[in-house]
Every structure is written in C-alpha cells, then in structure tokens.
Amino acid sequence: MVNNQEARLVVVDDEPSIRELLSASLRFSGFDVVTASNGTEAIETIVSANPDLIIMDVMMPDIDGFTVTSRIRQEGIDAPVLFLTARDDTQDKVMGLTVGGDDYVTKPFSLEEVVARIRAILRRTQDQVEDDPIIRVADLEINEDSHDVTRHGELIDLSPTEYKLLRYLMDNEGRVLSKAQILDHVWQYDWGGDAAIVESYISYLRKKIDGVTYMDEDGNEQKVVPIILTKRGIGYMIREPRD
C-alpha cells in the first residue's frame, strides 16, 4: 500500500480551473501537490520538486506535454507521467508512451479515475524501487523476475498475453477496467479487431486462475474463491475475496 502522505505530485495544466480542481482533490486524498501552469514552468518545477509522479496536460500553448516529458527524461528525471489528453486519439497515446509516459486519462475525466490511476502507477513504481519481484492479490502471486504465476501455491502456465492481462489486472487491484482500457494496455494500441478478444482472454484466465483446486485439512478437494470479477456493462477487475 502506497503511503499517500509521502507521495509528492506535480500537476501541470494551463487551464486554472482544471489545475485547481485537481490539486484540491489530490490534496484531499492525502498527496503533497505542487503545480505548474505551462511547459516552461513545469520543467523548472519538476526539477526542483523531485516528484514521485507528474500529471501532465498534453496541449499547452508554449511547450506541449510530450516535449516537456522528453526534456525531463533527458535530464535524468524518471518520475512516472500520467498524461491528460483532450482527444481520445491513438496517435497521442502512442506518442505519450514513446516519450516516456506511463498512462493517460482522456478529458473530461472523473477525479476518482485520476486518483485510481495515480495509485496504480505509484504501486507499480514502489514495487520497482523496493526491488520486490512478487505481486500479490490474496493467494495469487506473480514473480516479476521469473514470470512464474501461482495460485494457492500451485504453478499456473500462462501464455504471454494472458500474463500481460493478469499483470494489468493485478496492478489495478480493486478497480474496474473497461474493455477499451484493457485493449489499450495489453494489446499495445494496435488491435484493430473486435473487443470480444478481451472476453475470450478473461475466460481463459478464469479457467486457469479461478479453477485451481486443493486438498483441505480433512482431505477433501476444495476450489479456490474466484477473484476475477465481471462488472456487467462496465468491465473487469481482480479483487481479494470478501467474507
């Protein structure tokens, strides 16, 4: 769990209303927030603030968010970047990843979504900093070093795509992900077919992850509690079983 009080964020947006709303909401959520109103100010602020994460508007009048990100990467600043884009444009998404971005949110966005994305990114980067290769949700574990996946101690064989999908779900534990989000992040923006591919791979994962059986103390075969869930009409999520 990320300690929000220790996470410093830089919010970069040239629109005062968005910048102030985001800053107030993030402070209310427990983050330490510094702001910048344009690209030039953003570079100076990021260098001096040494943030844990940057929320970066793409379209700014002086220096766009992609250029700002390229420049701070050249300066050796590796803080993760969450882009705010006004267009749900595949080219923008590809460009954002190319210059060193970590995720994106399309305007208009919900504050809850932005906070969820920030926490997911911080959780991933915190895992990397602590050099802990194990990601856990309940009795499900992924070893990032060996790519081994186990449920209730049983080794599970996954295809590369199944592994990427499972990792994305686990990185966003407790958060519902839409088919579009899953396609973007697992299929790397280049899937031009039917979104039903997501349903198929969720089904594959369920059979392997939630189909594990084990022997209890009395020698009876038991099935693990399902943790890959469907929110009808919204998407999919992974979550620890509730009592």
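Those letters in the sequence shown? Residues 5 to 247, by the working numbering.
Each residue gets a CB set at the ideal place from its N, CA and C atoms; glycine is no exception.
Quick caveat, the model's predicted, so the values are computed rather than measured.
Closest by C-alpha distance to Arg31, out of Tyr172, Ala11 and Glu117, is Ala11. In this structure, Val72 keeps its C-beta atom at 7 Å or more from the C-beta atom of Arg155.
Here Asn147 is exposed: its Cβ has fewer than 16 other Cβ atoms, across all protein chains shown, within 10 Å. Taking the CA atoms as reference points, Lys111 sits about 25 Å from Leu169. Taken in chain order, the complete alpha helix (DSSP H) segments of 4 residues or longer contained in the segment 130-214 are 164-175, 183-190 and 200-213. Spatial neighbours of Glu225 in its own chain (CB-CB distance under 8 Å, excluding positions within 5 residues in sequence) are listed in chain order as Thr217, Tyr218 and Met219. Each residue's CA atom was taken as its position, placing Leu13 and Leu115 some 15 Å apart. For Phe113, the secondary structure class from DSSP, reduced to helix, strand or coil, is coil.
Remark: C-beta atoms of Ile59 and Val15 approach each other more closely than 7 Å. Put simply, the backbone Cα of Val62 is about 17 Å away from that of Arg121. Sequence-distant partners of Glu79 (beyond 5 residues in either direction) whose C-beta falls short of 7 Å from its own C-beta, in its chain, are Val51. Residues of the same chain with a CB within less than 6 Å of the CB of Asp17, apart from the 5 flanking positions on each side, are Arg23 and Asp61 in chain order.
The Cβ-Cβ distance between Gly239 and Leu181 falls below 7 Å.
Exclusion of the five residues before and after Ala199 leaves Lys183, Ala184 and Leu187 as the residues of its chain whose Cβ lies within less than 8 Å of its Cβ. Your pair Pro84 and Ile125 checks out as a contact, with CB atoms roughly 5 Å apart and the cut at 8 Å. According to the DSSP assignment, Ile242 belongs to the beta strand (DSSP E) that extends over Gly239 to Ile242. Scanning Arg179, Gly178, Glu158 and Tyr208 for the CA closest to the CA of Tyr167 turns up Tyr208.
Setting aside the 5 residues that flank it on each side, Gly178 is surrounded in the same chain by Arg243, each with a C-beta closer than 6 Å to its C-beta; the list follows chain order.
For Arg12, no alpha helix (DSSP H) segment is defined; the enclosing uninterrupted segment is the beta strand (DSSP E) at Arg12 to Val16. Only exposed fits Arg246, as fewer than 16 other CB atoms lie within 10 angstroms of its CB. The beta-bridge partner set that DSSP reports for Val85 consists of Ile58.
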